[in-house]
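Heads up: the structure comes next, in structure tokens.
Number of protein chains: 2
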Amino acid sequence: MATIKVPANVPCPEEDSEQLRKAFKGWGTNEALIIQILAHRNASQRKLIRDAYSAAYGEDLLKDLQKELSSDFERIVLLWTLDPHERDAYLANEATKMLTASNLVIMEIACTRSSHDLFKVRQAYHARYKKSLEEDVAYHTKGDFRKLLVPLVTAFRYEGDEVNMMLAKSEAKILHEKICDKAYADEELIRILTTRSKAQLNATLNQYNNQFGKAINKDLKVEEKDEYLAFLRATIKCLTCPEKYFEKTLRFAINKLGTDEWALTRVVATQAEVNMQRIKEEYHKRNSVPLEKAIVKDTTGDYEKMLLALIGHEDA
Amino acid sequence: MATIKVPANVPCPEEDSEQLRKAFKGWGTNEALIIQILAHRNASQRKLIRDAYSAAYGEDLLKDLQKELSSDFERIVLLWTLDPHERDAYLANEATKMLTASNLVIMEIACTRSSHDLFKVRQAYHARYKKSLEEDVAYHTKGDFRKLLVPLVTAFRYEGDEVNMMLAKSEAKILHEKICDKAYADEELIRILTTRSKAQLNATLNQYNNQFGKAINKDLKVEEKDEYLAFLRATIKCLTCPEKYFEKTLRFAINKLGTDEWALTRVVATQAEVNMQRIKEEYHKRNSVPLEKAIVKDTTGDYEKMLLALIGHEDA
Numbered sequence: 183m184a185t186i187k188v189p190a191n192v193p194c195p196e197e198d199s200e201q202l203r204k205a206f207k208g209w210g211t212n213e214a215l216i217i218q219i220l221a222h223r224n225a226s227q228r229k230l231i232r233d234a235y236s237a238a239y240g241e242d243l244l245k246d247l248q249k250e251l252s253s254d255f256e257r258i259v260l261l262w263t264l265d266p267h268e269r270d271a272y273l274a275n276e277a278t279k280m281l282t283a284s285n286l287v288i289m290e291i292a293c294t295r296s297s298h299d300l301f302k303v304r305q306a307y308h309a310r311y312k313k314s315l316e317e318d319v320a321y322h323t324k325g326d327f328r329k330l331l332v333p334l335v336t337a338f339r340y341e342g343d344e345v346n347m348m349l350a351k352s353e354a355k356i357l358h359e360k361i362c363d364k365a366y367a368d369e370e371l372i373r374i375l376t377t378r379s380k381a382q383l384n385a386t387l388n389q390y391n392n393q394f395g396k397a398i399n400k401d402l403k404v405e406e407k408d409e410y411l412a413f414l415r416a417t418i419k420c421l422t423c424p425e426k427y428f429e430k431t432l433r434f435a436i437n438k439l440g441t442d443e444w445a446l447t448r449v450v451a452t453q454a455e456v457n458m459q460r461i462k463e464e465y466h467k468r469n470s471v472p473l474e475k476a477i478v479k480d481t482t483g484d485y486e487k488m489l490l491a492l493i494g495h496e497d498a
Numbered sequence: 183m184a185t186i187k188v189p190a191n192v193p194c195p196e197e198d199s200e201q202l203r204k205a206f207k208g209w210g211t212n213e214a215l216i217i218q219i220l221a222h223r224n225a226s227q228r229k230l231i232r233d234a235y236s237a238a239y240g241e242d243l244l245k246d247l248q249k250e251l252s253s254d255f256e257r258i259v260l261l262w263t264l265d266p267h268e269r270d271a272y273l274a275n276e277a278t279k280m281l282t283a284s285n286l287v288i289m290e291i292a293c294t295r296s297s298h299d300l301f302k303v304r305q306a307y308h309a310r311y312k313k314s315l316e317e318d319v320a321y322h323t324k325g326d327f328r329k330l331l332v333p334l335v336t337a338f339r340y341e342g343d344e345v346n347m348m349l350a351k352s353e354a355k356i357l358h359e360k361i362c363d364k365a366y367a368d369e370e371l372i373r374i375l376t377t378r379s380k381a382q383l384n385a386t387l388n389q390y391n392n393q394f395g396k397a398i399n400k401d402l403k404v405e406e407k408d409e410y411l412a413f414l415r416a417t418i419k420c421l422t423c424p425e426k427y428f429e430k431t432l433r434f435a436i437n438k439l440g441t442d443e444w445a446l447t448r449v450v451a452t453q454a455e456v457n458m459q460r461i462k463e464e465y466h467k468r469n470s471v472p473l474e475k476a477i478v479k480d481t482t483g484d485y486e487k488m489l490l491a492l493i494g495h496e497d498a
């Protein structure tokens, strides 16, 4: 469930875009007005505002926002204002680049979006970067990470609820064998994780738990520090309980010495309209403090205000 | 270019479906009428006929065709009547099954369809089989074949003409190194073949030829018989000159001791509305005999008539 609050009577896109134009003009930028408008419009409304803005002023709203804003506030407003599929394409592209490389961001997009949404991200990637998402991901990764990541981003998983229990049992066994052998990048293990529907995968992991008396992610927790293994665990978490994965990402971002604003921004901007309600519940449960309180404690200024508006706590 | 001939004045779908119903009734089936109608309608017209038939008689036209027809004629009429994406999904599914398994058929679909069409095949696969194309392909293949085939079927290649010449040069070098090392299933080689746009891949293979004085497929021709290597060559051919690949498939199907009707049917049914004109030209050039003559020599009856109608030679 979404956390943004859209007013009952939304002004027409022309009016919103005129107000935004005003917010940019004159003595200093009116950040409060920008938040008041953009943080309270859904994706299709924001799209119409961008169109109206470009029709009225011949300029891209995003470019003007970029000119007027700065730092973390700029980043969250820009990410938020982008169409969700364009936003994911943008984040994924950024995550393939040298200085901002992040297998985790790419995996998160591949595993937590619906099959149809993931495909639309791939279309948006073509349109914007004139190449395919998978070619960039494959080019910029290697070894075990590539082996797992490329099939994740190219998957078009079946989304029905149908489950084949025989298959769940046999594939749970395969997973267990591979994990016992420490063959964490084995092709059968990767095949199962990257091609099966989420319903089927859930059934398989339940079987794993039933047959072997332990959750798979417990078996994947080994003593030595292994980046790929941590990545594999995160992948399984994203595929089976995305809200727990996002809770953990927020927890680590906030508890870090010096908040990880990129992670905080990414989770809020991508989830505010999707699953943020559940993520907030998980956060409260796990940290004994509501997310909005944690955000107030850790951030400041317009950035803080924007975050709070997006998670539905304007007045925290 | 397509080879089917659609009359200037096509009857309405209701009329066509009524005629087909008549062709099924009475003393024996009227095969000539079935050919006269179905072989001369394009995909969207055939779709409308199926809809009209089901609305008028409460039955699926395909099921009735199946009841009335038999053998090779049945197969080509059924395949032809299917919507192209459903047809590819059907052929791919068949190709994952034990007795009809064929990596070549799956590869052919993955490599010769446009990115958008391939995605529609994956959607049709979900709808019909309640699972994903890639999960069946991955499940039913192994080793090097799987390594190459799964990324081929999941690809969503960029389709623009843009070419990066620096990249073409460097990746031609990578391909050459891997081939020199006989690392035919190397992950870099597979990455290049399965993720790059066809335009980029063509540039890379041209660079290969320029830098190393030989076409890549010449370098892949080794003395010993190696199924995977033949498959790799066919993949490259499909990606770079599909009409030559289809010509060769037809040539082998026809020249075989006992025609390979499945291959002949598949190529004609899938290409008649797409690229058959070019394939016929290639066939004539390479075999010094026009395709229609070769078909007349090798096939008989209604099957022959249907093939000829689809390649635009009703009266050969």
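Chains as they are written, first to last, in the working numbering: chain A, 183 to 498; chain B, 183 to 498. Where a beta carbon is used, it is the ideal one built from N, C-alpha and C, also for glycine.
In chain order, what are the residue ranges of uninterrupted alpha helix (DSSP H) at least 4 long that sit wholly in the stretch 361-394 of chain B?
The qualifying runs are 369-377, 380-394.
Could you work out which residues of chain B lie near A/S314, taking near to mean beta carbons separated by less than 9 Å?
S297, A337, F338, R339, Y340, T377, R378, S379
Is it right to say A/V259 is buried, meaning 16 or more other beta carbons lie within 10 angstroms of its own, or is it exposed?
buried
Reduced DSSP category for A/I493 - H, G, I as helix; E, B as strand; rest coil
coil
Return yes when the Cβ of A/I186 is within less than 8 Å of the Cβ of A/E455, no when it is not.
yes
Taking the straight line between their C-alpha atoms, what separation do you get for A/F338 and B/L383?
24 Å
With distances taken between CB atoms, is the gap from B/I356 to B/I372 smaller than 8 Å?
no
In chain order, what residues of the stretch 299-310 of chain B put their CB closer than 9 Å to some CB of chain A?
F301, R304, Q305, Y307, H308
Check whether the stretch 207-226 of chain A and the stretch 246-259 of chain A are in contact - that is, three or more C-beta pairs closer than 8 Å.
yes
Touching by the beta-carbon criterion (3+ pairs, under 8 Å), the stretch 255-269 of chain B and the stretch 442-449 of chain B
yes
Let's see if you can read the secondary structure: which residues bound the alpha helix (DSSP H) around B/N469?
B/N469 -> alpha helix (DSSP H) spans 458-469.
Given A/A381 as reference, the closest of A/Y340, A/V319, A/E406 once Cα atoms are compared
The option with the nearest alpha carbon to A/A381 is A/Y340.
Is B/K479 helix, strand or coil by DSSP?
helix
Can you give me the start and stop residues for the alpha helix (DSSP H) that A/R232 sits inside?
225-239
For B/V332, would you say it is in contact with chain A, using Cβ-to-Cβ distances shorter than 8 Å as the test?
yes
DSSP-derived helix/strand/coil call for A/V188
coil
Straight-line Cα distance separating B/G494 from B/R232
Here the C-alpha atom of B/R232 lies approximately 23 Å from the C-alpha atom of B/G494.
A/D408 in three-state terms, based on DSSP:
For A/D408, the secondary structure class from DSSP, reduced to helix, strand or coil, is coil.
Quick check: the Cα distance between A/M289 and A/L331, rounded to an integer number of angstroms?
7 Å
Using the beta-carbon of each residue, which ones in chain B are nearer than 8 Å to A/R157?
As displayed, chain A neither begins before 183 nor continues past 498, which places residue 157 of chain A out of reach and without an answer.
How far does the alpha helix (DSSP H) with A/M289 in it reach, from first residue to last?
285-294
For a contact meaning CB atoms closer than 7 Å, what does A/A320 contact in chain B?
R373, T377
Interfacial residues, the stretch 209-239 of chain B to chain A, with Cβ spacing under 8 Å
none
According to the neighbour-count rule (16 or more other Cβ atoms, all chains shown, within 10 Å of its Cβ), is A/H298 buried or exposed?
Taking every protein chain shown into account, the CB of A/H298 has fewer than 16 other CB atoms within 10 angstroms, so this residue is exposed.
How about A/T263 and A/L247: are their beta carbons less than 8 Å apart?
yes
CA-to-CA distance, A/L492 to A/N191, given in whole angstroms:
18 Å
Of the choices A/K475, A/E409, A/T481, A/V450, whose alpha-carbon is the least far from that of A/L439?
A/T481
At a CB-CB cut-off below 8 Å, which residues of chain A make contact with B/E359?
By Cβ distance, chain A contributes nothing, its closest Cβ being about 16 Å from B/E359, past 8 Å.
Quick one: what does DSSP say B/R269 is sitting in, helix, strand or coil?
helix
Give me the Cα-Cα distance between A/D270 and B/E406, rounded to the nearest whole angstrom.
47 Å
Can you name the start and end residues of the alpha helix (DSSP H) that A/W444 belongs to?
Membership of A/W444 in the alpha helix (DSSP H) is indicated by the continuous run 443-453.
Go to B/S252, then tell me how far its alpha helix (DSSP H) extends in each direction, as first and last residue.
Counting along the chain, B/S252 falls outside any alpha helix (DSSP H), and DSSP gives it neither H nor E.
Rounded C-alpha distance that separates A/N388 from A/R468
Their backbone Cα atoms lie some 23 Å apart in a straight line.
Please return the same chain residues whose Cβ sits closer than 7 Å to the Cβ of A/E496, not counting the five positions on each side in sequence.
For A/E496, where only same-chain residues beyond five positions count, the Cβ hits under 7 Å are L490.
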